[in-house]
Amino acid sequence: MNAPDSASSLASPHRSARRWWQSIGPGLVTACVVIGPGSIITSSKVGAADGFSKTWVVVAAVLFMLAYVQMAAKLGAVTGRSTLDLVTERAGRWLAVLIGVSVFLIASMYQFGNNLGVQTALEEVAGMVRTALGKTPPPETSAQQGGSFPIWIVVLNILALLFVFGWHNLYAALEKLMMVLVAIMLGSFAINLSFAQPDRATILRELPPWTGSSEFSLALLGLVGTTFVIPAAFYQSYLVRFKGWTVRDLDSGLVDARVSALLMCGITLMIMFTAASVLRGKELETAADVANQLQPLFGESGKLIFCLGLFAAAFSSFIVNSMIGGFLLADSLGLGGTPRDRVPRILTAAVLLTGMGIAIYILMRTGVPPVFAIVAAQAATVLAAPLLAGTLLWLTNLESVMGEHRNGPVLNAVGIVGFLTLIGVAANILINQLRPKFQELLAG
């Protein structure tokens with residue numbers, strides 16, 4: 008760097024601040040898909056059950072996520088090519104299609120959770136409005152008997168479809184929307200944490216990992232799975248290209264990845280610490296349970312603030328999750344993998360409509376997710392999570408792909424531990440969750 012450039016930067020700190028702000032974007036989108044209804048429920052359950060003692064699990068999961076987001080960002084910026092194109096070129100179309108189909112299944116089957124999160128948040132807010140206006144709430148209906156038609160889900164899916172098809176520069180619009188939704192999440196969960204007033208002495212006493220139970224519960228594994236979301240990390244290699252970043256922007260990519268990790272860690276810990284402070288020992292199964300447990304403690308305003316955060320988390324995941332499934336499937340089939348292409352948008356719509364259909368089925372008929380949806384999503388997760396992580400590790404260590412920007416020993420070490428963690432989570436899903444449900448499906 009020459010002297011005049013250095014002097015200019017020192018003389019204009021606002022310009023450096025502007026450059027720092029411009030370094031954020033793809034990672035923000037990735038953080039939004041990680042912080043969804045599933046993440047809110049699992050972090051609340053772990054906080055209520057284990058207090059502050061499982062903070063290390065969140066930090067470790069975010070560290071693994073950061074490593075893979077960084078790998079993907081480097082891969083996209085250095086090569087300037089679609090990741091699944093690289094996979095096709097070096098391993099064959101079959102591997103690219105296997106990845107694309109697996110991720111599409113995961114996105115489609117889990118999309119109903121984002122729909123239910125949106126429905127829960129808006130129904131709770133609507134209920135508070137009815138109460139404030141002195142109107143009698145509608146009678147509750149048994150889940151087994153079927154409920155009223157979930158109009159909010161349909162409205163939000165229509166808005167999401169208009170968003171996907173209505174913007175020529177889809178990535179720029181997505182980035183701006185995610186900034187707004189992240190701000191809502193940060194504000195909402197920070198305010199609720201301030202209401203909870205966690206005791207500092209209790210936090211310091213319970214923070215060391217050895218103070219809590221050594222048992223690794225399903226909720227704790229769920230917390231790892233909803234924080235270390237490898238399809239979202241993989242998609243980062245696409246987002247940096249949509250942003251227009253190249254090898255010259257690697258520093259920006261590093262800043263972006265770190266900001267993303269801080270957001271994921273901060274928001275998850277705020278939710279967990281709130282539950283650990285005021286919901287200790289409570290049974291929490293759904294987002295509505297969390298909202299209703301907060302109401303007597305924080306009043307209507309606390310419940311409303313939580314629901315705003317839940318809505319922002321659900322709707323942000325709502326859009327980005329569907330794009331991950333649609334874009335990766337289209338790219339794996341050689342049908343385009345950028346926002347300029349039409350097929351990725353069409354397949355994104357397919358994810359949205361599948362999730363909406365399953366959510367409506369759940370709310371109007373059984374009250375529980377259909378077994379086939381859970382089996383399909385879990386089976387795809389068992390296959391796809393280690394496959395995606397292994398693919399990123401492989402590509403980012405190839406000199407023919409990355410040149411001098413191959414992974415260093417530290418990044419590889421963290422990546423390998425993260426890869427082994429994903430194999431462990433996949434094995435748990437296979438043995439403790441998928442096998443019983445598969446047997447149930449066959450018996451039914």
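Residues 8 to 451, numbered by the numbering used here, are exactly what the sequence shown covers, in order.
C-beta: ideal position from N, C-alpha, C; glycine also.
The structure presented is a predicted model; accordingly, all values stated were derived computationally and were not measured.
THR293, enclosing alpha helix (DSSP H) - first and last residue: Note, THR293: premise wrong, no alpha helix (DSSP H); not H, not E.
Where ARG22 falls: helix, strand or coil (DSSP): Residue confidence is low: ARG22 scores 42 on pLDDT, short of 50, so the model does not pin down where it sits. Its coordinate-derived value is still stated next. Look at ARG22 here: in three-state DSSP terms it is helix.
Distance, ASN176 Cα to SER323 Cα: Taking the straight line joining both Cα atoms gives about 18 Å.
LEU335 versus PHE305 - alpha carbon distance: Cα to Cα, LEU335 sits roughly 42 Å from PHE305.
Cβ distance (whole Å) where LEU193 is taken to contact ILE326 below 8 Å: That belief does not hold up - the Cβ atoms of LEU193 and ILE326 are roughly 18 Å apart, past 8 Å.
Own chain, CB closer than 7 Å to VAL64, minus 5 neighbours either side, in chain order: The residues are LEU227, LEU230 and VAL231.
Reference GLU290; option with closest CA among ASP348, THR49 and MET371: Nearest in C-alpha terms to GLU290, of all of ASP348, THR49 and MET371, is THR49.
Bounding residues of the alpha helix (DSSP H) (the contiguous stretch that carries SER259): From DSSP, the alpha helix (DSSP H) with SER259 extends over 257 to 285.
DSSP state of SER201 mapped onto helix, strand, coil: Note: SER201 maps to helix in three-state DSSP.
Local Cβ density within 10 Å of PRO215, reported as buried at 16 or more and exposed below that: Residue environment for PRO215: exposed (fewer than 16 other C-beta atoms within 10 angstroms of its C-beta).
Rounded C-alpha distance that separates PRO351 from ASP338: Just so you know, the alpha carbons of PRO351 and ASP338 end up roughly 8 Å apart.
Spatial neighbours of PHE318 in its chain, beta-carbon cut-off 7 Å, leaving aside the 5 residues before and after: Hits under 7 Å: VAL125, ALA128 and LEU129.
Spatial distance of ILE367 from ILE165 (CA atoms): Spanning the two alpha carbons is a distance of roughly 14 Å.
Rounded Cβ spacing between MET78 and LEU418 (contact assumed at less than 8 Å): So it is a contact: roughly 7 Å between Cβ atoms.
DSSP-derived helix/strand/coil call for SER51: It is helical.
Rounded C-alpha distance that separates ASP263 from VAL189: Our two residues, ASP263 and VAL189, have alpha carbons roughly 14 Å apart in a direct line.
C-beta atoms of MET409 and LEU402 nearer than 9 Å: Yes, Cβ-Cβ distance for MET409 and LEU402 is below 9 Å.
Beta carbon of LEU359 nearer than 9 Å to that of LEU168: In this structure, LEU359 lies near LEU168, with their beta-carbon atoms less than 9 Å apart.
For ASP4, the three-state DSSP class (helix, strand or coil): Because residue 4 is not part of the residues shown, which for the chain are 8 to 451, the question remains open.
For VAL236, three-class secondary structure by DSSP: Three-state DSSP puts VAL236 in coil, outside helix and strand.
Cβ neighbours of GLU147 in the same chain (closer than 8 Å, five flanking residues each side left out): Residue placement at GLU147 is flagged as unreliable, the pLDDT there being 49, under the threshold of 50; a coordinate-derived value is accordingly withheld.
Beta-carbon contacts of ALA239 that lie in its chain and below 7 Å, excluding the five residues immediately before and after: Answer for ALA239: THR37, VAL40, VAL41 and ILE331, listed in chain order.
Segment contact, 8 Å Cβ cut-off, at least three pairs: the segment 270 to 286 with the segment 194 to 205: Touching, yes, given that three or more Cβ pairs across the two stretches are closer than 8 Å.
Nearest-angstrom Cβ-Cβ length linking MET116 and ALA268, presumed shorter than 8 Å: The pair is not a contact, with the Cβ atoms about 27 Å apart (cut-off 8 Å).
SER201, buried or exposed, once every other Cβ within 10 Å from all chains shown has been counted against 16: Within 10 angstroms of the beta-carbon of SER201 lie fewer than 16 other beta-carbons, which makes it exposed.
Distance between ALA103 and ALA283 (C-alpha atoms, nearest Å): When rounded, the distance between both Cα atoms is 42 Å.
Limits of the alpha helix (DSSP H) - the one that TRP63 falls within: Unbroken alpha helix (DSSP H) run through TRP63: 62 to 86.
Option in THR388, ASN414 and GLU411 with minimal Cα separation from GLY431: Taking GLY431 as reference, the option from THR388, ASN414 and GLU411 with the minimal CA-CA separation is THR388.
Nearest neighbour of GLY34, chosen from GLY251, ARG265 and SER46 [CA to CA]: For the options GLY251, ARG265 and SER46, the alpha carbon positioned closest to that of GLY34 is the one of ARG265.
Length of the line joining the Cα atoms of SER329 and VAL236: The straight-line gap from Cα to Cα measures roughly 14 Å.
For SER329, three-class secondary structure by DSSP: In the structure shown, SER329 sits in a helix (DSSP, three-state: H, G or I).
Same chain, Cβ closer than 6 Å to LEU301, five either side skipped, listed in chain order: Only residues of its own chain outside the window of five on either side were considered, and among them GLY309, LYS310 and PHE313 have a CB closer than 6 Å to the CB of LEU301, listed in chain order.
Which listed residue (ARG248, GLY344 and GLU182) has its alpha carbon closest to that of ALA84: Cα-wise, what sits closest to ALA84 is ARG248.
Simplified DSSP state of GLY401, which is helix, strand or coil: Residue identity differs from the one stated: residue 401 is Trp in this sequence, not Gly. Three-state result, TRP401: helix.
Where ASN414 falls: helix, strand or coil (DSSP): In the three-state reduction of the DSSP assignment, ASN414 falls in the coil class.
Reduced DSSP category for LEU211 - H, G, I as helix; E, B as strand; rest coil: The DSSP-derived three-state label of LEU211 is helix.
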